[in-house]
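Student: Below you'll find the structure I mean.
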Amino acid sequence: MGKKYIVGDTGAGYAGKMLSMAAKKFGLKCKIFMGAKDIKRQKPNCDAMKKNGAEIIPVYSGSQTLVDAVSECMRYWVSNCDNTHMCVGSTVGPNIFVKICGWSTAQISRELKVQLKSQFKKIPNKIKLINCVGGGSSAYGFWSEFIDYNKKQIELIGVEAGGPEKSKLHAAPLSRNAKIGILHGAASYLCQNNEGQINDTESISAGLDYPGVSPIHCFLKDTKRARYTNATDEEALDAHVMVTKYENLNPSLEPSHAFAEAIKIAPKLSKDTIIIVNSCGDAKKDRDILKERLGKK
Amino acid sequence: MVSLINQAFEKAKSEKRPALLTYTVAGDNTKKKSLEILKSISNYADICELGFPHNTPIADGGQIQTSANRAIKNGIKINDVFSIAKDFKKLKKTKPIILMGYYNMIFQYNEDKFLNKCKKVKVDGLIVVDLPYPENKKFAAKCKKRGINFIQLVSPTTSSVRLKKIIKDSHDMLYYISMLSTTGGKLKVSPRKILERYSKIKNQNKSKNVVIGFGITEKTIKSLKKADGLVVGSAICKEISNSIKKRQNPVTNVTNIVKRLKNKIK
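Okay, here's the thing in structure tokens:
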């Protein structure tokens, strides 16, 4: 197509980081749209994007988080689509962008399947796949190969951002019974008021801080194939502390939400149940938040 | 019966000029002021577009975003938008009014309830920015049933196959987006090129009125006067912002802009 540029949005900075790497590899100039609040709280990822030669465009509108970054990225793209590709940073947006993102992230579940077979010789009989859900790209990617399995064998558990304990705001449209709405070119469960205005969201985790969710997850909820719940900021922080203490892992605040659910349900499960949590990000990027909240490092 | 929208185009044609369409946001900067602005500019505009403000307007640039945010901050609700439209139509019975906005607000209000309300307050047309063809087919049919014009959007990237289908399913009026841009962008395509594409659309069915919007200001309006109609939105919203900043009356300032726009296409 001869297009020389690629643009994308990012919340926590993962999608931005990955896109900037891909862009570098294919010789495309890359612009990443990111809420000004997120640029501040996820600085290490911003440094990585810049190192890959990407330009970060700060978004100052609205709540200055992911939802505004997606809007601004789409505005930029409709204005420049004659020479620019768009890569939406999660499995949200119009149909094709959901597919592109979902196909890309699904690699992890293809690898997981191979690993399961080598570890257990076959796919075990009782598995719980736990993943955090913001837009839902990581969860879809983690589950992709396993969706057709019986849910009694492989349960899919999505954990949304419940926000601060004392706040009414959250980013959990699936597990907090939000109504269906239309945002960014797709219908999904959506944090909104009864007029259809998009609600502000609040979460300690920039990657989960989005009022909508992938239409794929709405389908998995409606068909009861996946179960969705949420963890608060505080629960995620506690989970982070526990996991880093006992495991050789350093999960960022997004997967810490998933770990919180694993810690919650593990005591009630039979010994032969296998829990797999996708630790889909490293806490290096959260060092400032963790320092502030836990007073460490 | 000929729709008020078609009548407005016929009148402009008889005066050998394009119709002037204005866009303002309901409730900007207050409910009362926005009605006053609407009443005053309708003395010069042929068709008035009234936006129902959404807080995530993905097709809009800075000026209209600012107007929408101002209106929402002032507490404007969808029912206020209807009451503004109703009060306007009481005074200006023959002036067509088009409501413009984003689909989620219609969806939450309920499509049928929304359209019945539109009919009741005598709204003449609807532009729903993020409800594209063919997803809008059912909704457009519901509009038609109630005598409300559903206005389809076409852009420079609309393929010729798609264009044919859209025109076939369109009502009295089509909206051609002048360039790849959000609202309020600088006109980056030459007027000649825009009019070339405009003619391609127009020649497919001459009975449809085709208006051009996006990037039209006092500077650029004259160069596009061959079109059936021209829409000015961001330039007006910007004037409201400026008036507030300078503590001047937005009604007077906006009316003056619309007057000047009209003079440029006479």
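Protein chains in written order, with this note's numbering: chain P, 1 to 297; chain R, 1001 to 1266. Beta carbons are placed, not taken as given, at the ideal position from N, Cα and C, and that holds for glycine.
#1: For chain R, find out if any of its Cβ atoms is closer than 8 Å to the Cβ of arginine 75 of chain P; answer yes or no.
#2: Can you check which of these residues, R:Leu1224, R:Thr1066, R:Met1100, R:Arg1260, is closest to phenylalanine 1082 of chain R by C-alpha distance?
#3: What residues from chain P crowd round leucine 1126 of chain R, counting only those whose CB sits closer than 8 Å?
#4: Evaluate phenylalanine 33 of chain P with the Cβ neighbour count: other Cβ atoms within 10 Å of its Cβ, from every protein chain shown; 16 or more gives buried, anything less gives exposed.
#5: Quick one: complete alpha helix (DSSP H) runs, 4+ long, within the segment 1072–1115 of chain R?
#6: Determine the DSSP secondary structure at lysine 1186 of chain R, reduced to helix, strand or coil.
#7: Examine chain R for any beta-carbon lying closer than 8 Å to the beta-carbon of isoleucine 57 of chain P, and answer yes or no.
#8: Between which two residues does the beta strand (DSSP E) harbouring methionine 18 of chain P extend?
#9: Out of R:Lys1225, R:Gly1062, R:Thr1066, R:Asp1112, point me to the one whose CA is closest to phenylalanine 1139 of chain R's CA.
#10: Just to confirm, is the Cβ distance from valine 7 of chain P to tryptophan 77 of chain P under 8 Å?
#11: Note down the Cα distance separating valine 241 of chain P from arginine 110 of chain P, rounded to an integer number of angstroms.
#12: Grab the span of the beta strand (DSSP E) containing valine 88 of chain P for me, first residue to last.
#13: Is threonine 1022 of chain R helix, strand or coil by DSSP?
#14: Using only CA atoms, which one of P:Ile289, P:Gly135, P:Tyr189, P:Thr273 lies nearest to alanine 236 of chain P?
#15: Using the beta-carbon of each residue, which ones in chain P are nearer than 8 Å to asparagine 1055 of chain R?
#16: Could I get the ranges of all uninterrupted alpha helix (DSSP H) runs contained in the segment 92–147 of chain P, with 4 residues as the minimum, in chain order?
#17: How would you call isoleucine 1177 of chain R, buried or exposed, if buried means at least 16 neighbouring beta carbons within 10 angstroms?
#18: Quick check on leucine 66 of chain P - is its C-beta less than 8 Å from some C-beta in chain R?
#19: From what residue to what residue does the alpha helix (DSSP H) around leucine 1230 of chain R run?
#20: Taking only beta-carbon atoms, is glycine 181 of chain P less than 8 Å away from chain R?
#21: Just to confirm before moving on: does the CB-CB distance between cysteine 101 of chain P and serine 90 of chain P stay below 8 Å?
#22: Using beta-carbon positions only, say whether histidine 217 of chain P and glycine 136 of chain P come within less than 8 Å of one another.
#23: Spell out the partners DSSP gives glycine 8 of chain P in its beta bridges.
#24: Any Cβ of chain R within less than 8 Å of the Cβ of valine 78 of chain P?
Tutor: The answer reads as follows:
#1: yes
#2: R:Met1100
#3: Within 8 Å Cβ-Cβ: nothing; leucine 1126 of chain R doesn't reach chain P, min ~15 Å.
#4: buried
#5: 1078–1091, 1103–1109
#6: coil
#7: no
#8: Counted as a single uninterrupted DSSP element, the stretch harbouring methionine 18 of chain P is not any beta strand (DSSP E) but the alpha helix (DSSP H) occupying residues 14–26.
#9: R:Asp1112
#10: The Cβ-Cβ distance between valine 7 of chain P and tryptophan 77 of chain P falls below 8 Å.
#11: 30 Å
#12: Taken as a continuous stretch (DSSP letters only), valine 88 of chain P belongs to no beta strand (DSSP E), as it is neither H nor E.
#13: If DSSP states are grouped into helix, strand and coil, threonine 1022 of chain R belongs with the strands.
#14: Closest by C-alpha distance to alanine 236 of chain P, out of P:Ile289, P:Gly135, P:Tyr189, P:Thr273, is P:Ile289.
#15: Gly62, Gln197, Ile198
#16: 95–105, 107–120, 137–143
#17: buried
#18: no
#19: No alpha helix (DSSP H) holds leucine 1230 of chain R; the beta strand (DSSP E) holding it covers 1229–1232.
#20: For glycine 181 of chain P, the answer is yes, since a Cβ of chain R falls inside 8 Å of its Cβ.
#21: Judged by beta-carbon spacing, serine 90 of chain P lies within the 8 Å limit of cysteine 101 of chain P, meaning their Cβ atoms are closer than that value.
#22: yes
#23: Glycine 8 of chain P pairs with P:Ile32, P:Cys87.
#24: yes
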